[in-house]
Amino acid sequence: MNASNKIAGGDTTISADKSARDISILVEDGEAVALRLGNRGPVRYNSSGEIHEDILNAYSEHGFYVFTNLIADDEIEDLRTEMDRVLARAPLSPDSDLDADGNTAIGMDFAQNPFQFAKPLSDPFGGTDALQGRYEVKLAEPEAAADAPDYTVVLVKANPQLMDSCLRLYGHPDLLSIVEAVSGPDFVPFCNNTFVKEPGLGAAVSWHQDGTTHWDSPDLDENTHGFNLMINLYGSNGSNGVWVVPGTHKQGKLDIRAMVRDAGTERIPGAVPLLCD
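For the sequence shown, the tail end lands on 277 under the UniProt record's numbering, and the numbers increase by one without skipping.
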């Protein structure tokens, strides 16, 4: 179970400054715990050329693994450059098909609009029916600066169609080896998107479990709903990144509303941040 831009508070609207002060209380301890879990490091292979068993065991125990220095610096730079280009050519708002320069925005000829918008610092999914209602609780929403735009891009879809660097990333040999180690040799990537979180604007993603379809299956296990590969284009820490509750992937469908209610806060006990340089 995970959430990003995890912001504390009982009010539904709080100042961004107060939010930063509140979350800073948790960050130091959360980061220390995350670094002690033993589920991070470079990709390693065993003598048979398969992903090392220690990595798979740590992934199975905690539900996530942080690979360090997996994507080369020049590949990351290519991804950043192309994403900047895509965002510069994005529509100005959900109802517009023009970019900031007045030209037709990129992707407007796609079968589906590749851009999804939200109000700055909002939680657009929490407490709604989005994606089969997986986002059960709405996070607090800090007030954006007075000069913030009415809308900000929260999600970019169709990434391989928009960016050659992303298409190349899909063929990264280490990533493919990791997927094969978890899912077996017969797999198909079926979803790709980029969450955009610009400073002072980025929308939150509420606590959720990715699976929605097989909770009642008698064969349900920790791998039933597949998994995600997340490539961070910039550093991620306890203040700006995804938080995870380790081990919850083995517990089936959770009552997230009850977890937040019982905790008396959005700060679910045991959560740790994903730390990426």
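For every residue, glycine included, the Cβ atom is placed at its ideal position computed from N, Cα and C.
Note that the structure is a prediction, hence the values are computed from the model and not measured.
Quick one: give me the first and last residue of the beta strand (DSSP E) that Pro142 is part of.
Residues 141-143.
Among Trp243, Pro199, Gly247, Leu175, which has the Cα closest to the Cα of Ile51?
The candidate whose alpha carbon is nearest that of Ile51 is Leu175.
Measuring alpha carbon to alpha carbon, tell me which residue in Cys191, Arg80, Ala105 is nearest Gly235.
Comparing Cα-Cα distances from Gly235 to each of Cys191, Arg80, Ala105, the minimum goes to Arg80.
Is DSSP giving Asn103 helix, strand or coil here?
It is coil, neither helix nor strand.
Check whether the Cβ atoms of Glu222 and Ser47 sit closer than 9 angstroms, and answer yes or no.
No, they are not a contact pair.
Any contact between the region 162-177 and the region 124-133? By contact I mean 3 or more CB pairs, one from each, below 8 angstroms.
With a cut-off of 8 angstroms, the region 124-133 and the region 162-177 do not count as touching, because too few Cβ pairs lie within range.
Here's a check: name, in chain order, each residue in its chain whose Cβ is nearer than 6 angstroms to the Cβ of Leu167, leaving out the five neighbours to either side.
These residues qualify, in order along the chain: Pro160.
So the alpha helix (DSSP H) Thr81 belongs to, where does it begin and stop?
73-88 is the span of the alpha helix (DSSP H), which, as asked, contains Thr81.
Is DSSP giving Tyr45 helix, strand or coil here?
DSSP places Tyr45 in strand when its eight states are reduced to three.
Measure the alpha-carbon distance for Gly211 versus Ala100 and round it to whole angstroms.
Spanning the two alpha carbons is a distance of roughly 37 angstroms.
Go through the region 99-183 residue by residue and report every complete run of the alpha helix (DSSP H) that reaches 4 residues or more, in order.
DSSP runs (the alpha helix (DSSP H)) wholly in the region 99-183: 130-133, 159-162, 164-169, 173-183.
Using a 10 Å radius around the Cβ and a threshold of 16 neighbouring Cβ atoms, would you call Gln112 buried or exposed?
That one is exposed.
Looking at Phe187: is its Cβ nearer than 9 angstroms to the Cβ of Val179?
In this structure, Val179 lies closer than 9 angstroms to Phe187 by Cβ.
List the whole-angstrom C-beta distance separating Val115 from Pro91, where the pair is believed to meet the contact cut-off of C-beta under 8 angstroms.
The question names Val, but residue 115 is Phe in the sequence shown. Yes, they are in contact, since the Cβ atoms of Phe115 and Pro91 sit about 6 angstroms apart, within 8 angstroms.
Which residue comes first and which comes last in the beta strand (DSSP E) that contains His208?
Its beta strand (DSSP E) spans residues 205-208.
Between the region 54-72 and the region 243-253, are three or more C-beta pairs nearer than 8 angstroms?
Touching, per the Cβ criterion.
Please classify Asn232: does DSSP put it in a helix, a strand, or coil?
Correct three-state label for Asn232: coil.
Would you mind working out which of Asn192, Ala181, Val137, Met1 sits nearest Val156, comparing C-alpha positions?
The shortest Cα separation from Val156 among Asn192, Ala181, Val137, Met1 belongs to Asn192.
Looking at Ile51 and the ligand MN, is the gap between the Cβ and the nearest heavy atom below 8 angstroms?
No copy of the ligand MN occurs in the structure displayed, which carries no ligand at all.
Let me make sure I understand the geometry here. Which of Phe227, Asp84, Leu70, Lys138 has the alpha-carbon closest to that of Ser183?
With distances taken between Cα atoms, Ser183 lies closest to Phe227.
Among Lys119, Thr68, Ala88, which has the Cα closest to the Cα of Ala203?
The option with the nearest alpha carbon to Ala203 is Lys119.
For Leu139, does the count of other Cβ atoms within 10 angstroms reach 16, so buried, or fall short, so exposed?
The residue in question, Leu139, is buried, as its Cβ has 16 or more Cβ neighbours within 10 Å.
Leaving out five residues before and five after Leu229 in sequence, what residues of the same chain have Cβ atoms less than 8 angstroms from its Cβ?
The answer, listed in chain order, is Leu175, Ile178, Val179.
By how many angstroms is the C-alpha of Gln132 removed from the C-alpha of Asp97?
In a straight line, the C-alpha of Asp97 is about 28 angstroms away from that of Gln132.
Spell out the partners DSSP gives Val245 in its beta bridges.
Paired residue(s): none; Val245 is not in a bridge.
In three-state DSSP terms, what is residue 297?
One cannot answer for residue 297 here, as it falls past the ends of the chain, which runs 1 to 277.
Would you please state the rounded distance, in angstroms, between the beta carbons of Ala148 and Leu201? I believe it to be under 8 angstroms.
Indeed, because the Cβ distance is near 6 angstroms, the residues count as touching under 8 angstroms.
Let me make sure I understand the geometry here. Which of Asp255, Ile231, Asp262, Ile256 has the alpha-carbon closest to that of Leu274?
That would be Ile231, whose Cα lies nearest to the Cα of Leu274.
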